[in-house]
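Residue numbers (this note's numbering): 397 to 777.
A quick write-up on the structure given underneath.
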């Protein structure tokens, strides 16, 4: 009952606030006739002054006074009496007032009945936490209160971690998974869950920490398709398309035909099928088989010169064809490995000009640059 009373009072308060501007009275501007009457009154005073000074005779003064009085009466007494009421005019908006008074409370009540829980009995928060029923938010709040009192309860963190992840509370999910692993030890589900959280927190990029988590999950359970998928994805994001394709094909071969991940795996196999094993030309910046064979007999200095030449060649080709995403990934990584951070940042900036930072490819470029320790902020200016 108290809830409905408070709701009614709040509704009335809101209605009053909205109605005040609609009921506000506006004062009308004075008529021009009032100024004309003042002129005639001034003339009467001047007439009496002139008569007292002997500037006008009594007969002329009486005649002039009668004429001025007639004009004054025609201005003031000739106006309808209702004109006095026009000094104050009310600005009324009947439709708007009706909407505020009738429709606004009705809409609010309808929305509450549609989305609220009017049949839920009132109860203190502590009592509701003791009996949360199917209310997920209360279940999470109860678990959080329990963990605040028992932070070493690994089972509680283990239950809460996937709920946080599904609720897109990525930071809380990572903390929960790490606590569950710390208190209960690693298992395939916890390590795969931690890896997925790390990937989600880095815009879909399989970072080094995420890759380590998936590798540990695969070590604990060799038949772990989720870990296999992300490890294959890590190879794809690193530009190792042939290895990524082989990993995805291995996963597809070991998966049941009706598995829900089969279509996605097939897509990645098709995406990584651009490079033929032998006959296809090398990707921009990659050494040919002849160059690899020749490099075996080179000195360290000559080999470094050859590498720099390939990187410069890749840089030039990307300026001509900037839509090569894999090329930008390779170029940024190459300059970073050559200890040329300024050129790496420049390449990153050029790559982001074609693949914006808010897109999937741009996020991959930024994530890789962060892993390489590059000052990404300079490229984003």
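All residues carry an ideal CB built from backbone N, CA and C; glycine is no exception.
Short of 7 Å from the beta carbon of residue 602, and not among the five residues preceding or following it, lie these beta carbons of its own chain, in chain order: 595, 626, 629, 630, 633.
Per DSSP, the unbroken alpha helix (DSSP H) holding residue 760 starts and ends at 756-767. The C-alpha of residue 756 is placed about 26 Å away from the C-alpha of residue 655. Pairing residue 648 with residue 639, the inter-Cα distance amounts to about 14 Å.
For residue 600, the secondary structure class from DSSP, reduced to helix, strand or coil, is coil. Taken through DSSP and simplified to helix, strand or coil, residue 648 comes out as helix.
Here residue 537 is actually not in contact with residue 556; their C-beta atoms are around 11 Å apart, not less than 8 Å.
Between residue 613 and residue 584, the CB-CB gap stays under 8 Å. With respect to the 8 Å criterion, residue 589 and residue 561 are classified as neighbours on the basis of their beta carbons. Secondary structure note for residue 748: its alpha helix (DSSP H) is the uninterrupted segment 737-750.
Minimum Cα-Cα distance from residue 704 among the listed residues 721, 715, 719, 733 corresponds to 733.
At the C-beta level, residue 457 and residue 443 come within 8 Å of one another.
Per DSSP, the unbroken alpha helix (DSSP H) holding residue 631 starts and ends at 621-633. Residue 576 and residue 550 do touch by the CB rule: their CB atoms are close to 5 Å apart, below 8 Å. Spatial neighbours of residue 747 in its own chain (CB-CB distance under 7 Å, excluding positions within 5 residues in sequence) are listed in chain order as 724, 728, 761.
If you draw a straight line from the Cα of residue 772 to the Cα of residue 750, it comes to about 16 Å.
For residue 666, the closest of 641, 646, 650 by C-alpha to C-alpha distance is 641.
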